[in-house]
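Q: Numbering (the working numbering), first residue to last: 307 to 687. So that we are looking at the same thing, I have put the structure below in structure tokens.
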Amino acid sequence: MSTEKLEKHMKKIIDSQYQRIEKMKEEKDFIDYTTLRPIVVGLIGGDGIGPYITEHTYQVLKVLLQEEINAGKIVFRTIDGLTIENRVQAEKAIPDDVLQEIKACHVLLKGPTTTPRAGDKWKNIESANVAMRRELDLFANIRPVRVPEEGIDWVFYRENTEGSYILGSQGICLDDELCIDFTVTTKEGSDRILRAAFDYASKSGKNRVTAVTKANIIKATDGKFLEQAKIIAKEYPAVVFDDWYVDIMAAKLLDTKRRDQFKVIVLPNLYGDILTDEAAELQGGVGTAGSANVGKKYAMFEAIHGSAPRMVEEGRAAYADPSSMMRAAVMMLEHIGFTQKAKQLSSALDQAVIFEKKVKITGREDGATSEEFSEYVMSLM
Ligand code: IPM
Ligand code: MG
């Protein structure tokens with residue numbers, strides 16, 4: 307790469323980040339769902355097992371929210387186009403017409419979407435998840451993990467729009483010998499995720515926030531995140547604050563003497579990606595976890611696992627476990643203020659997968675189908 311080209315590339319990157327900072331500063335308030343009628347929920351099936359588990363979650367929601375639907379408080383809209391075939395054809399992570407449909411909703415419930423990898427049959431387009439988080443500015447990735455019998459009740463607040471992700475496809479190889487990637491932390495971006503975490507810790511009564519970085523090594527960006535965390539912590543004197551480096555934090559999540567002390571964990575994008583998979587594994591695997599992607603204007607709720615194309619190829623899609631999507635639906639109901647309905651679904655799910663376990667999903671013919679499972683959940687609501 308010539309020096310001139312390099313300078314241009316760097317200038318473009320820096321300008322785009324300053325523009326993003328300006329936009330973040332303009333958007334101050336969260337949308338108020340209490341006065342919003344109807345709340346429009348977009349259902350995005352996605353790829354692989356996605357459309358199956360989305361459909362069964364929708365069936366449950368239709369029963370749960372019958373009155374609200376009839377009263378016109380909430381409307382469900384199916385968005386079909388976010389498939390790998392369409393995305394590859396449009397050569398876009400989210401085709402323009404699909405993005406328009408998405409932006410016409412208030413909140414989204416989304417199945418997993420396939421991300422092409424080097425060497426597979428798809429052209430290499432950007433991940434639809436990463437694009438959606440950026441396009442809708444969904445800066446808070448909230449991932450709860452609970453193992454009641456061990457006292458584990460964690461809520462991860464993963465920064466979702468910057469860090470190593472934002473310029474993930476704009477790294478440079480200067481020649482065959484040297485490649486460089488970029489990671490970005492802004493004061494504004496750190497501030498908003500940290501505030502969201504502290505706010506939640508204080509309102510939920512959890513009263514403890516742990517920030518996770520590698521600020522001893524990644525000094526500029528992680529240093530900034532940690533510095534900002536300490537500033538916000540001072541605004542919440544009733545919330546206990548501490549900070550850990552990501553390596554030892556990964557270990558401490560496995561320390562049975564210590565781990566029940568953690569409550570709300572706030573961290574930059576990549577560390578959040580990694581630690582939330584580790585944490586979900588303790589709860590029974592990534593298939594059991596739901597995830598909220600929240601911004602000031604939009605919010606998207608999804609399962610944290612992949613699209614499991616092999617299950618579809620082997621004719622096992624009807625046996626896919628919809629409980630992660632249903633957990634995501636619980637988070638959605640909470641987010642839009644349907645608190646009672648959220649509790650109703652959440653305790654039916656706890657009953658179905660933790661306590662009673664009368665209908666078991668194995669992902670194969672020896673287990674229940676997603677349909678049987680969702681009927682079971684409905685019977686427990
Ligand atoms: C997640 C996933 C995504 C991520 C992928 C699918 C792009 O691993 O939501 O944690 O890396 O953020
Ligand atoms: Mg991940």
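From the three backbone atoms N, C-alpha and C, an ideal C-beta is built for every residue, glycine too.
Among the residues of its own chain, which have a CB less than 7 Å from the CB of residue 275, if the five just before and after it don't count?
A: It is not possible to answer for residue 275, since the shown part of the chain is limited to 307 through 687.
Q: Let's see if you can read the secondary structure: which residues bound the alpha helix (DSSP H) around residue 507?
A: Your numbering for residue 507 matches position 201 in the sequence shown. Start and end: 493–510.
Q: Quick check: does the Cβ of residue 433 come within less than 6 Å of any heavy atom belonging to the ligand IPM?
A: On the sequence shown, position 127 is the one that residue 433 refers to. Checking every heavy atom of the ligand IPM against the Cβ of residue 433, one is found closer than 6 Å.
Q: Where are the beta strand (DSSP E) runs, 3 residues long or more, that stay fully inside the stretch 398–434, in chain order?
A: For the stretch 398–434, whole beta strand (DSSP E) runs of length 3 or above, ordered along the chain, are 413–416.
Q: Quick one: using the 10 Å Cβ neighbour count with 16 as the cut-off for buried, is residue 485 buried or exposed?
A: Residue 485 sits at position 179 when you count from the first residue of the sequence shown. Exposed, since its Cβ has fewer than 16 Cβ neighbours within 10 Å.
Q: Roughly how many angstroms lie between the CA atoms of residue 355 and residue 389, to the nearest whole one?
A: Looking up residue 355 in the sequence shown gives position 49. Looking up residue 389 in the sequence shown gives position 83. Whole-angstrom Cα-Cα distance: 12 Å.
Q: What are the boundary residues of the beta strand (DSSP E) that includes residue 548?
A: Residue 548 sits at position 242 when you count from the first residue of the sequence shown. Residue 548 -> beta strand (DSSP E) spans 546–551.
Q: What does DSSP give as the partner residues of residue 609 in its beta bridges?
A: Locating residue 609 in the sequence shown gives position 303, counting from the first residue. Residue 609 is bridged to 596.
Q: Count the C-beta pairs between the stretch 396–406 and the stretch 363–371 that are closer than 8 Å, then say yes if the count reaches three, no if not.
A: Verdict: no, contact absent.
Q: Going by other Cβ atoms of all chains shown within 10 Å of its Cβ, with 16 needed for buried, is residue 500 buried or exposed?
A: Position 194 of the sequence shown, counted from the start, is the residue given in the question as residue 500. Burial call: buried.
Q: Can we count residue 579 as close to the ligand IPM, meaning its CB is less than 6 Å from some heavy atom?
A: Here residue 579 is taken as the residue at index 273 of the sequence shown, counted from 1. Checking the Cβ of residue 579 against the ligand IPM gives yes.
Q: What span of residues does the beta strand (DSSP E) with residue 459 cover, start to end?
A: Sequence index remark: in the sequence shown, residue 459 carries index 153 (1-based). Residues 458–465.
Q: Closest to residue 468 by C-alpha separation, out of 653, 667, 634, 326, would be which residue?
A: Here residue 468 corresponds to residue number 162 of the sequence shown, with the count starting at 1. Out of 653, 667, 634, 326, 326 has the C-alpha closest to the C-alpha of residue 468.
Q: Where does the unbroken beta strand (DSSP E) through residue 357 begin, and where does it stop?
A: Here residue 357 refers to the residue found at position 51 when the sequence shown is read from its first residue. It is not in any beta strand (DSSP E) - residue 357 instead sits in the alpha helix (DSSP H) that spans 356–370.
Q: Which residues share a DSSP beta bridge with residue 447?
A: Residue mapping note: residue 447 aligns to position 141 of the sequence shown, counting from 1. 464, 599, per the DSSP bridge assignment.
Q: Could you compute how far the alpha carbon of residue 360 sits from the alpha carbon of residue 629?
A: In the sequence shown, counting from the first residue as 1, residue 360 sits at position 54. In the sequence shown, counting from the first residue as 1, residue 629 sits at position 323. Each residue's alpha carbon lies about 10 Å from the other.
Q: Considering only the alpha carbon of each residue, which of 375, 676, 605, 591 lies closest to residue 624?
A: Locating residue 624 in the sequence shown gives position 318, where the first residue counts as 1. Measuring from the Cα of residue 624, the nearest candidate turns out to be 676.
Q: Between residue 507 and residue 513, how many whole angstroms is the CB-CB distance? I'm expecting something under 8 Å.
A: Taking the sequence shown and counting its residues from 1, the one referred to as residue 507 is at position 201. Taking the sequence shown and counting its residues from 1, the one referred to as residue 513 is at position 207. Correct: roughly 6 Å between the Cβ atoms.
Q: Under the three-state reduction of DSSP, which class applies to residue 665: helix, strand or coil?
A: Counting from 1 along the sequence shown, the entry for residue 665 is found at position 359. If DSSP states are grouped into helix, strand and coil, residue 665 belongs with coil.
Q: Tell me the DSSP bridge mates of residue 348?
A: Position 42 of the sequence shown, counted from the start, is the residue given in the question as residue 348. Paired residue(s): 383, 414.
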